[in-house]
Amino acid sequence: MNTSCSVLACLLTLPMLATAQTASQSESPSSPRWGLGLGLMVKDSPYAGEGTKTTALPLIRYEGERFYFRGLTAGAHLMHSKGFSLDAIASLRTDGISAKDFGVQELARNGINRSLLEDRDNGLDLGVAASWRGAAGEFELSAKADVTGASEGFELSARYGYGFQLGRGRLTPSISVSHLSKDMANYYYGTLNEEVARGVVDYKPGAATIPKLGLTYVHPIGQHWQFMTALQYKVLPKKITNSPLLKAGTNGEGSVMFGLSRSF
């Protein structure tokens, strides 16, 4: 994958960081808040031969009264109160991979000739998200669909997180589950019809449900600076791990990120 796509893929963790940052701040109406910084992401790709990537990336966050920008997601509040928000969202999907980023030998062991593969493109998703926040934590539901024609699929997600003070910082464990439609799962984890026509094995996992575990920690440094850490692990179901596009023995996908950001 080229450098720009690697950076975009790493930015997937930013919404989780932004949620932790926002939860640690007062919910009282205030002037728009920006966050700018730099982070380092280490991600273990499940795709055969892509390996582990370490990438430096910008951290950008904006929280306005009506609009917000968190990593790869932009949103507009349709309904917004102290404990509830219903938003229209647009988010960049960066699950794509260039065919050249697969490992030739790793794919060959799975019975696939890399030269017969197509790229899996990134996409833009549009949808809605509803979130509830209170003393018991935060619960979020979202539904979004690809509008670029990449996968032509959709994703439904539910997430629960509970943040609490740990020293001077805030620790937020979370658990979430995402349901990928048949079209989306087949596009990113299966083989395409044009590839099958060239002789590639026909494998389509169908609709898939992926649980995720997350942990974020935000620690203030002085009045405006924050140190952030985010860990995430996706538990991939067998119908996905059995894909010939994935490396042998894959059970999940993990990532860790460290960052330093200034709010103003």
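First residue of the sequence shown: 0, per numbering that gives the first Met the number 0; consecutive thereafter. The beta-carbon is built from N, C-alpha and C at its ideal position, and this holds for glycine as well.
Point to revise | Option in L115, D145, A135, G102 with minimal Cα separation from L123 | key: Closest by alpha carbon: D145.
Check your understanding: Per DSSP, L259 is paired with what?
Key -> Looking at the DSSP assignment, L259 forms a beta bridge with L37, F226.
**Study point:** Run of the beta strand (DSSP E) containing A73, from where it starts to where it stops
**Key:** Segment 72-79, the beta strand (DSSP E) holding A73.
Review point. Counting pairs of beta carbons, one from the segment 183-191 and one from the segment 157-175, are three or more of them closer than 8 Å?
Key: In short, these stretches do not touch, since the Cβ pair count stays below three.
Check your understanding: P336: buried (16+ other C-beta within 10 angstroms of its C-beta) or exposed?
Key -> Examination of residue 336 is not possible in this model, given that the chain is present from 0 through 263 alone.
Exercise for review: Report yes if the C-beta distance between L58 and S260 is below 8 Å; otherwise report no.
Suggested key: In this structure, S260 lies closer than 8 Å to L58 by Cβ.
Practice item. Count the other CB atoms, across all protein chains shown, that sit within 10 Å of the CB of K143; report buried if there are 16 or more and exposed otherwise. Key: Buried is the call here.
Review point. With a cut-off of 8 Å, does the C-beta of E62 fall near any C-beta of chain D?
Key: Protein chains in the displayed structure number just one, and chain D is not present.
Check your understanding: My guess is that A157 and V176 are in contact by the Cβ rule of under 8 Å, so how many angstroms apart are they, rounded?
Key -> The C-beta distance from A157 to V176 rounds to 6 Å, short enough to meet the 8 Å contact threshold.
Review point. Near Y202, which residues of its chain fall below 7 Å by C-beta distance, leaving aside the five closest residues on each side in sequence?
Key: Once the five neighbours on either side are set aside, the close Cβ partners of Y202 are G189, T190, S242, P243.
Review point. Starting from R292 and walking both ways along the alpha helix (DSSP H), at which residues does that stretch end?
Key: The chain is shown from 0 up to 263; residue 292 falls before or after that span and cannot be answered.
Exercise for review: Count the CB pairs spanning the segment 157-166 and the segment 127-142 that are closer than 8 Å, and state whether there are at least three.
Suggested key: The answer is yes - the segment 127-142 touches the segment 157-166, with three or more Cβ pairs under 8 Å.
Check your understanding: Where do the ends of the beta strand (DSSP E) carrying L123 lie?
Key -> Residues 122-133.
Exercise for review: Determine the direct distance from the alpha carbon of F83 to that of R132, and round the result to whole angstroms.
Suggested key: As the crow flies, the alpha-carbon of R132 is around 6 Å from that of F83.
Exercise for review: Answer with buried or exposed for L179, where buried requires no fewer than 16 other C-beta atoms within 10 angstroms of its C-beta.
Suggested key: Buried, since its Cβ has 16 or more Cβ neighbours within 10 Å.
Exercise for review: Grab the span of the beta strand (DSSP E) containing E139 for me, first residue to last.
Suggested key: Under the DSSP assignment, E139 falls in the beta strand (DSSP E) whose first and last residues are 136-145.
Point to revise | Chain-order list of residues whose beta-carbon lies under 6 Å from that of D120 (same chain, five-residue window excluded) | key: Excluding positions up to five away in sequence, the list reads G95, A149.
Review point. What's the gap between the Cα of Q231 and the Cα of T249?
Key: Distance between the alpha carbons of Q231 and T249: 16 Å.
Check your understanding: Which residue from L212, E117, G213, M227 puts its Cα closest to that of A196?
Key -> Ranking L212, E117, G213, M227 by Cα distance to A196 puts E117 first.
Practice item. Please report the residue range of the alpha helix (DSSP H) in which R108 lies. Key: Unbroken alpha helix (DSSP H) run through R108: 103-108.
Exercise for review: Provide the residue span of the beta strand (DSSP E) that contains I88, from first to last.
Suggested key: If you look at I88, you'll find it in the beta strand (DSSP E) that goes 83-92.
Review point. According to DSSP, is R113 helix, strand or coil?
Key: DSSP places R113 in helix when its eight states are reduced to three.
Point to revise | Nearest-angstrom Cα separation, counted from D86 out to V127 | key: Straight-line spacing of the CA atoms in V127 and D86 works out to 6 Å.
Check your understanding: According to the Cβ coordinates, are G48 and G102 closer than 8 Å?
Key -> For G48 and G102, yes; Cβs fall inside 8 Å.
Check your understanding: Just checking my contact of F66 with A75 at CB under 8 Å: how many whole Å lie between their CB atoms?
Key -> With 8 Å as the limit, F66 and A75 qualify as a contact, their Cβ atoms being about 5 Å apart.
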